[in-house]
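> Attaching a single structure in structure tokens format; questions to follow.
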Amino acid sequence: MVEAEDPGEIIRVLLVEDNVDHALLAQNGLPADLGFEVTHVRTGAEAIDAARSEDFEVFLLDYRLPDREGIDVCQRIREEASEALILLVTAVDREALVREAFDAGADDYVVKGPSFMDRIADEVLANLEAPA
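Now the structure itself:
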């Protein structure tokens, strides 16, 4: 597992996921002892409001949200938090969607799968450590 460079560093994550079970799994995969502080919201509107009112280093966006698509939320968040890491997380694995995600400002596109929640912290930390 990748570890944070500074053990005392807090990595503020906004998790945007409407499925409560998926959100709980993601939160469990981003433990506080690795430095993660996770805030969970269920809609795109809540995510945009949170991006305007709080500072997050990481945004984990589900592609399918009840009020809009994660791509739209990604574009809006990129306008509000230009330096933040944005990962679009989805069960949909289509090349056109991958291109759309990157065009919208996502830093990475991660397909949900059986082991994704077990490696979510590694995905986030690896993306944070990747050269810009």
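Residue numbers (numbering that gives the first Met the number 0): 0 to 131.
Even for Gly, the Cβ is constructed at its ideal location relative to N, Cα and C.
Buried or exposed: where does residue 80 fall if 16 or more other Cβ atoms within 10 Å of its Cβ makes it buried?
By one-based count along the sequence shown, residue 80 stands at place 81. Under this definition residue 80 is a buried residue.
> Are residue 50 and residue 76 closer than 8 Å when you measure CB to CB?
Here residue 50 refers to the residue found at position 51 when the sequence shown is read from its first residue. Here residue 76 refers to the residue found at position 77 when the sequence shown is read from its first residue. Taking 8 Å as the Cβ cut-off, residue 50 and residue 76 qualify as a contacting pair.
> Any Cβ of chain C within less than 8 Å of the Cβ of residue 39?
Here there is only one protein chain, and chain C is not present.
> DSSP on residue 115, reduced to helix/strand/coil?
Taking the first residue of the sequence shown as 1, we reach residue 115 at position 116. Correct three-state label for residue 115: helix.
> Is residue 36 buried or exposed, if buried means 16 or more other CB atoms sit within 10 Å of its CB?
Walking along the sequence shown from the start, residue 36 turns up at place 37. It is exposed - the Cβ of residue 36 has fewer than 16 other Cβ atoms within 10 Å.
> Please report the residue range of the beta strand (DSSP E) in which residue 58 lies.
Sequence index remark: in the sequence shown, residue 58 carries index 59 (1-based). Its beta strand (DSSP E) spans residues 57-61.
> Give me the Cα-Cα distance between residue 39 and residue 57, rounded to the nearest whole angstrom.
What you label residue 39 is simply residue 40 of the sequence shown in a count that begins at 1. What you label residue 57 is simply residue 58 of the sequence shown in a count that begins at 1. Cα to Cα, residue 39 sits roughly 12 Å from residue 57.
> Do you know how far the Cα of residue 103 is from the Cα of residue 73?
Against the sequence shown, residue 73 aligns to sequence position 74. Against the sequence shown, residue 103 aligns to sequence position 104. Their Cα atoms are separated by approximately 6 Å.
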